[in-house]
Amino acid sequence: VDETQVYIADESGSVRALNIETGDEVWKMKVGDRISVGRVLVFDRKVYVNNHEGELKILNVDNGMSVASDIRVGKLLEPPIQNQGYGYYPTVKGLLIIHLSARIVLGNVHHGAIPKYRLKNNKIYISGEGNMIIQMDVNKREIEWSEPLSENLSANPAIDDSFIYALTKDGALFKLNKVLGEETVNR
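For what it's worth, our numbering labels the leading residue of the sequence shown as 7, then goes sequentially.
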């Protein structure tokens, strides 16, 4: 969504821009056979959408025309998120971080298990390789701490002001201090 339009990706592989006030279609663009895991990102007057083939398409908000070469990101596992000019794409190969304005792939945060993540207060919490949970500062793009868990996460972590709660596939609940990453409870 921006000031005048809402952008919708549909199952047929098309992205549509609709006028926010009238609901009228402004443009429609086919980007693939199907759209991958549902969210369209809008940043700097561009629409970012993944097709099922693993290509990140970058479209002009005014007419839907492609404005850049496709970026191969791979198959998405969960919808991407956008924060302060960066796109975070959870793929089968890890959490891919892309600088949206420059269209530069900054790399994967981890490889291995299916990534689970949450974003809160400019921190992203990610399940990492070797059953790790990682806290990363999204502004600095630096890992601040990581903590090993007994098993891969079974769901996205829950977060409050002080703690991260992570449920693993073996049924263990971990409560981690957000500042230090230290485990405080394991049930």
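C-beta atoms are modelled at their ideal positions from N, C-alpha and C, and glycine is treated no differently.
* To do: Measure from the alpha carbon of Asp167 to the alpha carbon of each residue in Lys184, Lys146, Ser156, then state which is nearest.
  => Lys184
* Where does Pro154 land, buried or exposed, given buried means 16+ other C-beta within 10 angstroms? -> exposed
* Asked: Looking at the unbroken beta strand (DSSP E) that takes in Arg22, where does it start and where does it end?
  -> 20 to 25
* Alpha carbon to alpha carbon, how far is Asp68 from Asn127? -> 31 Å
* Asked: Between the beta-carbon of Asn25 and the beta-carbon of Gln90, is there less than 8 Å?
  -> no
* Determine the closest residue to Gln20 out of Val7, Asp30, Val55, with distance taken between C-alpha atoms. => Position check: residue 20 holds Ser in this sequence, whereas Gln was assumed. The residue with the shortest Cα to Cα distance from Ser20 is Val55.
* Asked: For the putative contact between Ile41 and Asn57, defined by C-beta atoms under 8 Å, what is the C-beta separation to the nearest angstrom?
  -> 6 Å
* With Leu182 and Ile132 assumed to form a contact (beta carbons below 8 Å), what rounded beta-carbon distance in angstroms separates them? -> With 8 Å as the limit, Leu182 and Ile132 do not qualify as a contact, their Cβ atoms being about 13 Å apart.
* Taking the CB atoms as reference points, tell me whether Val73 and Lys52 lie closer together than 8 Å. => Between Val73 and Lys52, the gap from beta carbon to beta carbon is short of 8 Å.
* Asked: Per DSSP, what kind of secondary structure is Glu9 in: helix, strand or coil?
  -> coil
* Asked: Should Lys63 go down as buried or exposed, given a rule of 16 or more other Cβ atoms within 10 Å for buried?
  -> The residue is buried, with at least 16 neighbouring Cβ atoms inside 10 Å.
* Please report how far the alpha carbon of Glu150 lies from the alpha carbon of Met142, in whole angstroms. => So the alpha carbons of these two residues sit roughly 5 Å apart.
* Terminal residues of the continuous beta strand (DSSP E) containing Gln90? -> Secondary structure note for Gln90: it is in no beta strand (DSSP E), with a DSSP letter that is neither H nor E.
* To do: Identify whether Leu47 lies in helix, strand or coil by the three-state DSSP scheme.
  => strand
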